[in-house]
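Under numbering that gives the first Met the number 0, the residue at position 83 of the sequence shown is numbered 82, and the numbers go up by one with no gaps.
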Amino acid sequence: MVNQLRTIHIGLGHMGAEIARLVHRRGDMEIVGAVDVAPDKVGADLGEVIGLDHPLGIPVAGSIEDVLAERKADIAVQATGSHLPRVYPQLVKLIEGGLNVISTCEELAYPAWQHPELSEELDRLASAHGVTVLGTGVNPGFVMDRLPIALTGACQEVRSVRVTRVVDAARRRLPLQQKAGAGLTVAEFQARVKAKAIQHVGLPESVALIAKALGWSLDEVQETIEPVIADRPLASEFIRVEPGQVAGLHQLARGLVGGREAITLDLWMVLRAHNPRDEVHIEAIPPIHMVIPGGTHGDRATVGVVVNSIAQVVAASPGLKTVLDLPVTAGWGV
């Protein structure tokens with residue numbers, strides 16, 4: 000019989016629910032608790048909340064304290080936010096409650112880059128309580144960092160890494176289309192970029208992960224976000240874009256090493272984008288060029304990466320980790 004890992008799920012929005020559904024299908028895992036602050040979810044059966052056709056007999060708690068008082072688990076799966084300062088108090092409660100943590104928080108993928116003090120404190124707390132903490136997903140966590148890093152393993156010398164990710168936002172959820180600015184005027188787009196309401200979080204973290212893996216010392220990371228303007232009418236299930244309006248965003252992160260551009264992460268999230276794909280160019284001996292036609296589905300792959308990493312996090316030594324600290328993740332065969 001498989002020894003099941005017990006999970007508690009913090010945050011039951013779209014991604015949190017998708018993760019919980021996959022954990023429920025896995026024979027090596029058992030959900031024992033869940034937390035969400037939405038009034039319509041607190042007290043409801045988890046099976047109903049995540050869209051199953053049967054109850055699980057697990058009422059959704061309204062706070063981390065409530066679920067920790069009632070449930071014993073091996074790991075908490077957190078899916079509540081992209082920015083580390085926002086989710087940090089939750090992480091502290093989970094760590095002090097003796098739980099390993101895996102999180103979809105993008106800034107937690109390499110927290111030392113933007114939040115070195117919080118990173119050090121999380122590592123100290125996790126080590127003191129004998130638990131492991133990891134932030135991961137598809138981007139950051141796989142497509143624009145771990146995948147190119149793995150490909151460099153076949154190279155003798157690496158001079159530069161360039162990753163291009165083109166996402167057809169029309170095939171994704173409304174929140175992603177809104178995050179890309181689809182349907183806005185250029186002025187509205189620029190105002191929301193300035194307010195940090197439009198951006199993909201995590202590109203600098205991916206640059207830093209690549210640099211660390213290759214032994215490069217970064218001079219700086221430069222990041223730009225520009226609107227992609229529609230030249231024809233475009234539409235998704237949720238949004239219609241007229242010519243002259245914003246169809247999506249083009250976000251670029253450049254990692255400078257010794258005054259040269261050594262790492263380039265080129266992200267496009269655009270309604271009806273041409274030639275969606277994930278593409279990696281490695282200038283090296285030998286050079287490597289890899290393309291995933293159509294690209295890697297962000298939501299489904301994030302769920303896969305998170306759930307497939309749970310056992311590794313539980314087995315890892317205590318402390319704050321990045322994907323560089325863990326073995327390559329494998330999927331669950333069926």
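Even for Gly, the Cβ is constructed at its ideal location relative to N, Cα and C.
According to DSSP, residue i sits in a beta bridge with which residue or residues?
i    : result
P58  : D44
P292 : R276
R24  : BP columns for R24 are empty, so no partner.
Q250 : I224 and L266
L342 : Here the chain comprises residues numbered 0 to 333, so residue 342 is not present and cannot be evaluated.
L4   : M28
A190 : Partner(s): none; A190 has no beta bridge.
V256 : R259
A283 : V157
V77  : Note on identity: in this sequence residue 77 is Gln, with Val being the wrong assignment. I9 and S102.
T163 : D265 and E278
L233 : V240
A33  : H8
V91  : In the DSSP output, where bridge partners are listed per residue, V91 has none listed.
E219 : L255
V245 : I228
Using 8 Å for Cβ pairs, my map puts residue i next to residue j. What's the rounded Cβ distance?
i    : j    : result
V322 : I74  : Incorrect: roughly 16 Å between the Cβ atoms, too far for contact.
G243 : I228 : 7 Å
S308 : L319 : About 14 Å separates the two Cβ atoms, so there is no contact after all.
V206 : A252 : 5 Å
P226 : V256 : Not really, about 29 Å apart at Cβ, beyond 8 Å.
D298 : M14  : 7 Å
I63  : L93  : 6 Å
L121 : L90  : 6 Å
E204 : Y109 : 4 Å
Q250 : L213 : Not quite, the Cβ-Cβ distance comes to about 22 Å (not below 8 Å), so this is no contact.
I281 : P115 : I281 to P115, Cβ: 29 Å. No contact.
Nearest by alpha-carbon distance to residue i: which of the options is it?
i    : options                   : result
N274 : L51, R191, L217 and G293  : G293
W112 : V279, T263, G254 and H280 : G254
L51  : I63, V279 and V22         : V22
D35  : R299, G61 and V91         : G61
L248 : E204, D167 and D218       : D167
A78  : N2, A19 and A179          : A19
A37  : A212, I9 and M28          : I9
V269 : Q176, G96, P317 and A125  : Q176
D218 : I262, V100, L233 and F188 : I262
G32  : T6, G15, R24 and G26      : T6
A151 : A210, V256 and E119       : Reading off the sequence, residue 151 comes out as Thr, not Ala. Selected option, being the one with the closest Cα: A210.
S316 : G129, G136, E116 and R145 : G129
R145 : K71, T103, L208 and K178  : L208
T295 : L202, G136, A212 and A194 : G136
P84  : K71, S118, N99 and G96    : S118
N99  : Q311, A329 and T328       : Q311
V76  : P174, S102, A194 and R70  : S102
P174 : C154, I197 and F188       : I197
W331 : E17, M28 and A16          : M28
L335 : L124, Y87 and S235        : Outside the shown range of the chain (0 to 333) lies residue 335, about which nothing can therefore be said.
E156 : W215, T131 and R171       : W215
G42  : D65, R24 and V220         : D65
G341 : A194, I291, V220 and V279 : Nothing in the structure corresponds to residue 341, since the chain is present only between 0 and 333.
R171 : A300, A329 and K71        : A300
Going by beta carbon distance, what residues of the same chain come within less than 6 Å of residue i, once the five residues before and after it are set aside?
i    : result
V340 : With the chain covering only 0 through 333, there is no way to say anything about residue 340.
M0   : Residue placement at M0 is flagged as unreliable, the pLDDT there being 42, under the threshold of 50; the coordinate-derived value follows with that caveat. Closer than 6 Å at Cβ, skipping near neighbours: no residue.
A272 : V165 and D167
L233 : V240, A246, L270 and R271
V327 : none
A179 : A168, G247, L248 and M268
L67  : G96
A149 : none
S126 : P317 and G318
V290 : R276 and E278
Please go through the same chain and pick out, in chain order, the residues whose beta-carbon is closer than 8 Å to the beta-carbon of residue i, but skip the five residues on each side of it.
i    : result
K40  : L11, V48 and V59
E95  : L124 and H128
E69  : G32 and A60
L4   : D27, M28, E29, D73, I74, I309, A310 and V313
Q189 : P226
R25  : V306 and W331
Apart from the five residues just before and just after residue i, which ones in its own chain have a Cβ nearer than 7 Å to its Cβ?
i   : result
P54 : D44, G46 and E47
E17 : D298 and V302
Count the CB pairs spanning the region 230-241 and the region 157-165 that are closer than 8 Å, and state whether there are at least three.
No, the region 230-241 is not in contact with the region 157-165.
Report yes or no: do three or more beta-carbon pairs, one from the region 300-317 and one from the region 137-151, lie closer than 8 Å?
Taking one beta carbon from each stretch, the region 300-317 and the region 137-151 have 3 or more pairs nearer than 8 Å; the two touch.
So does the region 172-183 actually touch the region 284-291, counting three or more Cβ pairs closer than 8 Å?
Counting Cβ pairs under 8 Å, fewer than three are found: no touch.
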